[in-house]
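Numbering that gives the first Met the number 0 puts the first residue of the sequence shown at 0, with every later residue one more than the last.
In what follows, a single structure is set out as structure tokens and then discussed.
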Amino acid sequence: MKKNIIIITISIAFIFVLYAIAELVIPLPFGNKSIEFEVKRGESFREVINSLREKGMIRDRAVFLILGRLTGVDRKIKAGYYPLWGNMTPLQIFDALRKGRIIEYEITIVPGDSLMEISQKLSSLDITWSEEFERLSRDRKLLGELDIDAPSIEGYLFPDTYRFPKGLDIREVIELMVSRLREKFDDELLSRAYELGMTENEVLTLASIIEKEAVADEERPIISAVYHNRLKKKMPLQADPTSIYGIKSLSEGITKKDLLRKTPYNTYVIKGLPPGPIASPGMKSIIAALYPDNVPYLYFVSNNDGTHNFSVTLNEHKEAVRAYREKKRTGA
């Protein structure tokens with residue numbers, strides 16, 4: 000009798016295994032087109048399986064639930080959008096869930112990118128991100144929550160390559176980028192800022208100007224020194240990139256009219272630093288803003304080759320400008 004029970008039990012188990020294999024490896028067509036199956040944040044594995052069953056993507060929930068328990072997927076399923084297609088087997092669907100193969104977006108912010116440029120990059124990934132980004136970038140409540148004492152999040156989105164799951168709220172994207180900045184602009188650098196009598200916002204603002212002015216890395220601390228020296232002497236910074244901030248791209252060129260335009264950021268018409276950064280500075284420019292070279296320069300002009308000519312006196316500077324214009328005119 001006992002032997003018969005064992006045989007029956009083994010037979011049932013064997014039949015169940017065969018059934019489970021059939022359930023998992025035989026495709027269950029749910030259309031020829033690929034679809035994006037969403038696992039919502041906070042959803043349980045059972046809820047996900049129920050949703051798959053309702054959409055006709057699997058046959059038997061019990062098989063999936065048992066497999067989920069055996070593999071531990073039922074305790075840690077990744078939220079996001081999963082790309083699935085009509086000829087996938089239930090086992091392939093399960094494998095996608097187990098490995099967390101969700102749709103992710105990648106965006107690279109390079110040093111010198113402005114909010115306008117970052118918004119365009121976001122728009123190429125998800126148009127709704129771009130629309131909400133523009134609103135949140137100047138939202139006073141969000142700025143307060145992020146402890147940003149500036150008119151916008153300009154300059155606080157750290158240059159880096161980021162990967163985001165589809166469906167992530169743009170607010171979380173912003174928070175992650177700002178968090179990355181704070182990881183880099185750590186307590187040691189913040190302490191150095193306080194030594195200079197500067198706030199985080201002032202350092203980032205100066206660093207963003209350096210980012211827009213510098214091409215050669217070795218010149219960043221020298222350009223920083225020029226601005227530090229001018230600030231100490233209460234001279235206008237007269238940084239060309241500030242004159243067109245929020246107006247047009249630097250690639251469009253800067254005219255005399257731009258330099259005379261009255262805006263809160265134009266350092267040709269305002270005293271001191273602008274109210275906030277004009278772009279996202281990289282670490283090289285942040286370090287340069289905090290550690291300027293010990294040089295007496297007050298002026299610099301482009302050599303038209305990515306480097307600059309630095310001067311101490313106005314007469315020296317005028318001569319350098321004359322040489323630059325002549326070089327540009329002759330194409331030398």
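In this text, a Cβ means the ideal position worked out from N, Cα and C, and glycines have one as well.
Going by CA-CA distance only, name the one from S284, Y290, E315 and E35 that's closest to S190. For S190, the nearest C-alpha among the options comes from Y290.
If I measure Cβ to Cβ from I152 and keep anything under 6 Å in the same chain, skipping five residues before and after, which residues do I get? Counting only Cβ-Cβ distances below 6 Å, and skipping sequence neighbours, we find S136.
Looking at G85 and I101, is the spacing between their C-beta atoms short of 8 Å? Against a cut-off of 8 Å, the Cβ pair of G85 and I101 comes out as no contact.
What is the rounded straight-line gap between the Cα of K327 and the Cα of N228? Cα to Cα, K327 sits roughly 28 Å from N228.
Return the CA-CA distance between F163 and I208, expressed in angstroms with no decimal places. Cα to Cα, the separation comes out at about 29 Å.
Can you check which of these residues, V294, G281 and G245, is closest to P273 by C-alpha distance? Per the Cα distances, G245.
For the alpha helix (DSSP H) containing I92, name the first residue and the last one. Residues P89 to K98.
Which residues does DSSP list as the beta-bridge partners of S223? Bridge pairing for S223: absent [DSSP].
Do you know how far the Cα of S50 is from the Cα of R219? R219 and S50: Cα-Cα distance of roughly 56 Å.
Closest by CA to A288, which one among L175, A224 and N314? Here the closest residue by C-alpha is A224.
So, using beta-carbon positions, are Y104 and L124 closer together than 8 Å? Yes, these two residues count as a Cβ contact at 8 Å.
Check each candidate in G67, Y81 and I285 and name the one with the smallest Cα separation from K75. Looking at the Cα atoms, G67 is the closest of the given residues.
Backbone CA spacing between N308 and V294 [nearest angstrom]: Answer to the nearest angstrom: the Cα atoms are 13 Å apart.
Tell me, please, which residues DSSP counts as bridged to E103. Beta-bridge pairing links E103 to P164.
Is I34 helix, strand or coil when you go by DSSP? Correct three-state label for I34: strand.
Closest to E210 by C-alpha separation, out of E182, M176, R97 and D112, would be which residue? Residue D112 is the option with its Cα nearest to E210.
Please decide whether D257 counts as near chain D, where near means a Cβ-Cβ distance under 8 Å. The structure shown contains no chain D; it holds only a single protein chain.
Nonlocal neighbours in the same chain, by C-beta distance under 8 Å from V320, ignoring five residues either side: V300.
Quick check: what's the CA-CA separation for L313 versus Y298? The alpha-carbon atoms of L313 and Y298 are separated by roughly 7 Å.
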